[in-house]
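Accompanying notes for the structure given below.
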Amino acid sequence: MRVFKNSRFHKFARKEKISDAMLCEAVGRAERGQIDADLGAGLIKQRVARPGAGKSGGFRTLVFFRAETRAVFAFGFAKSDMANLDDAEEAYLKKAAKLVLGFADAQMDAEVAAGRMFEVNCDEQDLQE
(Lines of atoms letter the chains of each structure in order from A and count residues from 1; the text may use other names and numbers.)
(Lines give C-alpha, C1' and ligand atoms only; values in the text may rest on other atoms or scores of the structure.)
Protein backbone atom coordinates (compact mmCIF):
# COMPACT_ATOMS: atom_id res chain seq x y z
CA MET A 1 0.00 0.00 0.00
CA ARG A 2 1.42 3.35 -1.06
CA VAL A 3 0.15 6.47 0.69
CA PHE A 4 0.35 10.00 -0.72
CA LYS A 5 -0.88 13.51 -0.01
CA ASN A 6 -1.36 16.16 -2.66
CA SER A 7 0.41 19.51 -2.32
CA ARG A 8 -2.72 21.28 -1.04
CA PHE A 9 -3.29 18.66 1.65
CA HIS A 10 0.42 18.73 2.53
CA LYS A 11 0.15 22.47 3.31
CA PHE A 12 -3.05 21.91 5.32
CA ALA A 13 -1.48 19.06 7.34
CA ARG A 14 1.65 21.07 8.07
CA LYS A 15 -0.41 24.10 9.22
CA GLU A 16 -2.63 21.96 11.45
CA LYS A 17 0.27 19.82 12.75
CA ILE A 18 -1.17 16.58 11.37
CA SER A 19 1.72 14.13 11.31
CA ASP A 20 2.37 11.45 8.72
CA ALA A 21 1.90 8.89 11.52
CA MET A 22 -1.65 10.19 12.02
CA LEU A 23 -2.32 9.79 8.29
CA CYS A 24 -0.90 6.26 8.37
CA GLU A 25 -3.22 5.43 11.27
CA ALA A 26 -6.24 6.69 9.28
CA VAL A 27 -5.24 4.58 6.27
CA GLY A 28 -4.68 1.58 8.53
CA ARG A 29 -8.22 1.92 9.86
CA ALA A 30 -9.55 2.08 6.30
CA GLU A 31 -7.53 -1.03 5.36
CA ARG A 32 -9.21 -2.86 8.24
CA GLY A 33 -12.65 -1.79 6.99
CA GLN A 34 -13.10 0.99 9.54
CA ILE A 35 -14.09 3.66 7.03
CA ASP A 36 -15.86 6.67 8.54
CA ALA A 37 -17.83 7.38 5.33
CA ASP A 38 -17.61 5.64 1.95
CA LEU A 39 -18.75 8.23 -0.58
CA GLY A 40 -18.31 5.81 -3.50
CA ALA A 41 -16.11 5.83 -6.60
CA GLY A 42 -12.91 5.47 -4.57
CA LEU A 43 -13.61 8.47 -2.30
CA ILE A 44 -13.75 8.03 1.47
CA LYS A 45 -13.93 10.38 4.44
CA GLN A 46 -11.70 9.56 7.40
CA ARG A 47 -11.54 11.45 10.67
CA VAL A 48 -8.16 12.46 12.06
CA ALA A 49 -7.78 13.66 15.64
CA ARG A 50 -6.45 17.10 16.46
CA PRO A 51 -3.02 16.75 18.07
CA GLY A 52 -3.67 16.23 21.77
CA ALA A 53 -7.44 15.81 21.30
CA GLY A 54 -9.95 13.28 20.00
CA LYS A 55 -11.32 12.52 16.54
CA SER A 56 -14.85 13.81 17.18
CA GLY A 57 -13.77 17.46 17.24
CA GLY A 58 -10.86 16.97 14.89
CA PHE A 59 -10.35 17.02 11.17
CA ARG A 60 -12.12 15.39 8.26
CA THR A 61 -9.99 14.13 5.42
CA LEU A 62 -11.14 13.16 1.95
CA VAL A 63 -9.05 10.31 0.64
CA PHE A 64 -8.85 8.64 -2.76
CA PHE A 65 -8.68 5.01 -1.62
CA ARG A 66 -8.18 1.63 -3.24
CA ALA A 67 -7.64 -1.15 -0.69
CA GLU A 68 -4.19 -2.76 -0.64
CA THR A 69 -3.03 -0.46 -3.46
CA ARG A 70 -3.07 3.31 -2.89
CA ALA A 71 -4.42 6.06 -0.66
CA VAL A 72 -4.15 9.75 -1.58
CA PHE A 73 -5.11 12.43 0.94
CA ALA A 74 -6.79 15.02 -1.27
CA PHE A 75 -8.57 17.50 1.02
CA GLY A 76 -8.80 18.23 4.72
CA PHE A 77 -10.92 20.50 6.87
CA ALA A 78 -11.88 21.10 10.47
CA LYS A 79 -15.37 19.92 11.34
CA SER A 80 -16.08 23.39 12.73
CA ASP A 81 -15.09 25.07 9.42
CA MET A 82 -17.20 23.08 6.97
CA ALA A 83 -20.21 20.81 7.32
CA ASN A 84 -20.29 18.57 4.26
CA LEU A 85 -19.48 18.64 0.58
CA ASP A 86 -22.10 19.90 -1.80
CA ASP A 87 -23.08 17.67 -4.73
CA ALA A 88 -20.82 19.45 -7.23
CA GLU A 89 -17.76 19.19 -4.95
CA GLU A 90 -18.42 15.52 -4.32
CA ALA A 91 -18.83 14.79 -8.05
CA TYR A 92 -15.58 16.63 -8.82
CA LEU A 93 -13.66 14.69 -6.16
CA LYS A 94 -15.06 11.36 -7.37
CA LYS A 95 -13.83 12.12 -10.90
CA ALA A 96 -10.43 13.08 -9.53
CA ALA A 97 -10.32 9.87 -7.45
CA LYS A 98 -11.02 7.76 -10.53
CA LEU A 99 -8.24 9.53 -12.43
CA VAL A 100 -5.59 9.40 -9.69
CA LEU A 101 -6.36 5.84 -8.61
CA GLY A 102 -5.91 4.82 -12.25
CA PHE A 103 -2.37 6.21 -12.42
CA ALA A 104 0.44 3.69 -12.82
CA ASP A 105 3.15 3.73 -10.16
CA ALA A 106 5.48 5.49 -12.61
CA GLN A 107 2.92 8.29 -13.01
CA MET A 108 2.67 8.69 -9.23
CA ASP A 109 6.47 8.77 -9.02
CA ALA A 110 6.45 11.56 -11.63
CA GLU A 111 3.87 13.51 -9.59
CA VAL A 112 6.13 13.21 -6.53
CA ALA A 113 9.17 14.31 -8.54
CA ALA A 114 7.21 17.34 -9.81
CA GLY A 115 6.18 18.34 -6.26
CA ARG A 116 2.45 17.82 -6.84
CA MET A 117 2.34 14.79 -4.53
CA PHE A 118 4.24 13.81 -1.41
CA GLU A 119 4.71 10.17 -0.47
CA VAL A 120 3.92 9.27 3.13
CA ASN A 121 6.17 6.54 4.47
CA CYS A 122 3.95 4.20 6.44
CA ASP A 123 5.44 1.13 8.03
CA GLU A 124 3.34 -1.91 7.07
CA GLN A 125 2.96 -2.55 10.81
CA ASP A 126 1.25 0.86 11.17
CA LEU A 127 -1.31 -0.11 8.55
CA GLN A 128 -2.13 -3.46 10.16
CA GLU A 129 -2.46 -2.49 13.83
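Using numbering that gives the first Met the number 0, the letters of the sequence shown map in sequence onto residues 0 to 128.
Don't be surprised by glycine CBs; every beta carbon is placed ideally from N, CA and C.
Using only alpha-carbon positions, find the residue among the options that is nearest to residue i.
i: Ala-113; options: Met-0, Ser-6, Met-21, Arg-1; result: Ser-6
i: Glu-88; options: Gly-101, Ala-73, Leu-100; result: Ala-73
i: Phe-58; options: Arg-69, Leu-22, Arg-28; result: Leu-22
i: Met-107; options: Lys-44, Arg-69, Gly-32; result: Arg-69
i: Arg-28; options: Val-119, Ala-40, Gly-39, Val-47; result: Val-47
i: Asp-80; options: Ala-12, Gly-56, Ala-40; result: Gly-56
i: Val-26; options: Phe-3, Phe-117, Gly-39, Leu-100; result: Phe-3
i: Asp-122; options: Ala-12, Asn-83, Glu-24, Ile-17; result: Glu-24
i: Arg-1; options: Phe-63, Pro-50, Ala-77; result: Phe-63
i: Leu-100; options: Ser-18, Gly-39, Lys-10, Gln-33; result: Gly-39
i: Lys-16; options: Gln-33, Gly-32, Pro-50; result: Pro-50
According to DSSP, is residue i part of a helix, a strand, or is it coil?
i: Phe-102; result: coil
i: Met-107; result: helix
i: Lys-93; result: helix
i: Lys-14; result: helix
i: Ala-112; result: helix
Going by DSSP, what residues sit across from residue i in a beta bridge?
i: Glu-118; result: Phe-3
On the premise that residue j lies in contact with residue i, defined as a C-beta separation below 8 Å, what is that separation, rounded to the nearest angstrom?
i: Leu-42; j: Lys-93; result: 5 Å
i: Ala-52; j: Glu-30; result: That pair is no contact at about 24 Å.
i: Asp-37; j: Gln-45; result: Actually they do not touch by this definition, with Cβ atoms about 10 Å apart.
i: Gly-75; j: Ala-12; result: 7 Å
i: Val-111; j: Phe-117; result: 7 Å
Between residue i and chain D, is any beta-carbon pair separated by less than 8 Å?
i: Phe-8; result: In the structure shown, chain D cannot be found, because there is only a single protein chain.
* Inside the segment 19 to 84 only - beta strand (DSSP E) runs reaching at least 3 residues -> The qualifying runs are 36 to 39, 42 to 47, 58 to 65, 69 to 77.
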